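Numbered according to the working numbering, the sequence shown spans residues 21 to 308.
Quick reminder that beta carbons are idealized off the backbone N, C-alpha and C, glycines included.
These figures come from a predicted structure and were not determined experimentally.
What follows is a short report on a single structure.
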Amino acid sequence: MLLPALSFAQENKISGRVVDEKTKEPIPFASIGLKEEQTGALTNEYGYFQIAMPEKNPQDSLVVVALGYFHKAVLVKPGIKIQDMIIEVPKRAIELKEVKVISSAKIKNLDLGSKSNTPGEGMIQGMPGSQYAFFVKNDKAKKLGNVRSVSFYIGENGFPREPFRVRLYKADGNYNSPNTDLLTENIVVSAPKGGEWYTIDLTQYNIEAPVEGFFVAMEWIVSGDKFYTTNFMDNYTPYGQILRPTFEFKESRTWNYTIGRGWSLITLANNGMRYNAMIRAEVDQIKD
21 MLLPALSFAQ ENKISGRVVD EKTKEPIPFA SIGLKEEQTG ALTNEYGYFQ IAMPEKNPQD
81 SLVVVALGYF HKAVLVKPGI KIQDMIIEVP KRAIELKEVK VISSAKIKNL DLGSKSNTPG
141 EGMIQGMPGS QYAFFVKNDK AKKLGNVRSV SFYIGENGFP REPFRVRLYK ADGNYNSPNT
201 DLLTENIVVS APKGGEWYTI DLTQYNIEAP VEGFFVAMEW IVSGDKFYTT NFMDNYTPYG
261 QILRPTFEFK ESRTWNYTIG RGWSLITLAN NGMRYNAMIR AEVDQIKD
């Protein structure tokens, strides 16, 4: 009795694996979205994914977005194999910047972003593939060097030890939203516990901080052999770790990303202070 039902369930799913076009190695945590359907999924750490078949139209485009790779669209329509697909994605060539050697006597530490050690009321929850990005602004127009570290205030609730991916962006999208990746490596980390700041050392990546500042983002991912698919018109159950908010700033500096929908600015406020993700960064300040 179960076998026909299982077969039917598989027929209503698009499934497969996303791999590097050249090496054929799996690409973990790539976002998969049906353009017209407004549904999305995230590959697991082995590159596998599952997503529901389109219902609005018999034909749609399956769009693959992976860090460090070109975007790729695959046509989905009747008659095309949709189970156990292998999607090969070409890698984007990254031009390595020249490492600048500056006398240590001319460099000091500069903290950007949240200064508080006490989070505000509320919880920032996500689903795999979603992101919250906070703009660490260079308010005093200091001369910046490289990014030393980034920190996130992880809540004590939820599952604080679940892994997440660190993302860094330039503010060069529409309306100064996050857009171009500054960090092109997969940095997946896990906090030892919640209720405190968790810091990730980025000195080895030689990331030059834009003079105006940059976005630091937490991306929710999946681990092990889990799969996660969501229809953005439906409710969903938050997953993984929780990021805490702060009310230190009078301006909205936090953007939310959802697969299939893109970036949107968070504009909530409390007593004139804006609701922002509790994130900070440590950078080099170059003294003339």
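For residue i, I'd like the list of residues in its chain whose CB is within less than 7 angstroms of its CB, leaving aside the five on either flank, ordered along the chain.
| i | result |
| --- | --- |
| glycine 36 | Phe69, Asp104, Met105, Ile106 and Ile107 |
| valine 209 | Pro183, Phe184, Val186 and Ile220 |
| asparagine 32 | Ala72 and Met73 |
| serine 128 | Note on residue identity: the sequence assigns lysine, not serine, to residue 128. Gln305 and Lys307, listed in sequence order. |
| lysine 162 | Leu130 and Gln305 |
| lysine 92 | Val84, Ile107 and Val109 |
To the nearest whole angstrom, what separates the beta carbons of residue i and residue j, a pair I think is in contact under 8 angstroms?
| i | j | result |
| --- | --- | --- |
| phenylalanine 234 | leucine 188 | 6 angstroms |
| alanine 61 | isoleucine 47 | Actually they are not in contact, since the Cβ atoms of alanine 61 and isoleucine 47 sit about 13 angstroms apart, beyond 8 angstroms. |
| leucine 203 | aspartate 304 | No, leucine 203 and aspartate 304 are not in contact; Cβ-Cβ is about 16 angstroms, not under 8 angstroms. |
| serine 150 | tyrosine 277 | 6 angstroms |
| leucine 263 | isoleucine 144 | 4 angstroms |
| asparagine 166 | asparagine 226 | 6 angstroms |
| threonine 200 | lysine 213 | 33 angstroms between Cβ atoms; not a contact. |
| asparagine 158 | valine 231 | 6 angstroms |
| methionine 293 | lysine 270 | 6 angstroms |
Using the DSSP secondary-structure output, state which residues sit across from residue i in a beta bridge.
| i | result |
| --- | --- |
| valine 242 | Note: valine 242 sits in no beta bridge, so no partner. |
| lysine 157 | Gly233 |
| aspartate 221 | Ser169 |
| leucine 313 | Outside the shown range of the chain (21 to 308) lies residue 313, about which nothing can therefore be said. |
| aspartate 40 | Val109 |
| proline 46 | Val39 |
| aspartate 201 | Tyr189 |
| threonine 266 | Asn296 |
| glutamine 103 | None; glutamine 103 has no bridge partner. |
Report buried or exposed for residue i, applying the criterion of at least 16 other Cβ atoms within 10 angstroms of its Cβ.
| i | result |
| --- | --- |
| tyrosine 295 | buried |
| glutamate 302 | buried |
| asparagine 177 | exposed |
| serine 284 | exposed |
| glutamate 141 | exposed |
| leucine 288 | exposed |
| glycine 133 | buried |
| glutamine 224 | exposed |
| isoleucine 100 | exposed |
| leucine 95 | exposed |
| methionine 21 | Residue placement at methionine 21 is flagged as unreliable, the pLDDT there being 38, under the threshold of 50; the coordinate-derived value follows with that caveat. Per the 10 Å Cβ criterion, exposed. |
| glutamate 56 | exposed |
| arginine 112 | exposed |
| tyrosine 152 | buried |
Let me know the secondary structure DSSP gives residue i once reduced to three states.
| i | result |
| --- | --- |
| asparagine 77 | coil |
| tyrosine 353 | Past the edges of the chain, shown from 21 to 308, lies residue 353, and the structure says nothing about it. |
| threonine 250 | Caution applies to threonine 250, whose pLDDT of 46 falls short of 50 and renders its modelled position unreliable; the value that the coordinates give is listed next. Three-state result, threonine 250: strand. |
| methionine 147 | coil |
| glutamine 261 | strand |
| glutamate 216 | strand |
| isoleucine 227 | coil |
| serine 136 | coil |
| glutamine 58 | coil |
| methionine 206 | Per the sequence shown, residue 206 should be read as asparagine rather than methionine. Asparagine 206: coil per DSSP, three-state reduction. |
| glutamate 65 | coil |
| lysine 162 | coil |
| alanine 86 | coil |
| asparagine 290 | strand |
| isoleucine 34 | strand |
Going along the chain, which residues of its own chain have a beta-carbon closer than 8 angstroms to the beta-carbon of residue i, five neighbours each way excluded?
| i | result |
| --- | --- |
| valine 39 | Glu45, Pro46, Ile47, Gly67, Ile106, Ile107, Glu108 and Val109 |
| glycine 215 | Ile174, Gly175, Glu176 and Pro180 |
Leaving out five residues before and five after residue i in sequence, what residues of the same chain have Cβ atoms less than 6 angstroms from its Cβ?
| i | result |
| --- | --- |
| glycine 53 | Gly60, Val83, Ile279 and Gly280 |
| tyrosine 218 | Phe172, Ile174 and Ala211 |
| tyrosine 2 | Nothing about residue 2 can be read from this structure; the chain reaches only from 21 to 308. |
| aspartate 192 | Asn199 and Thr200 |
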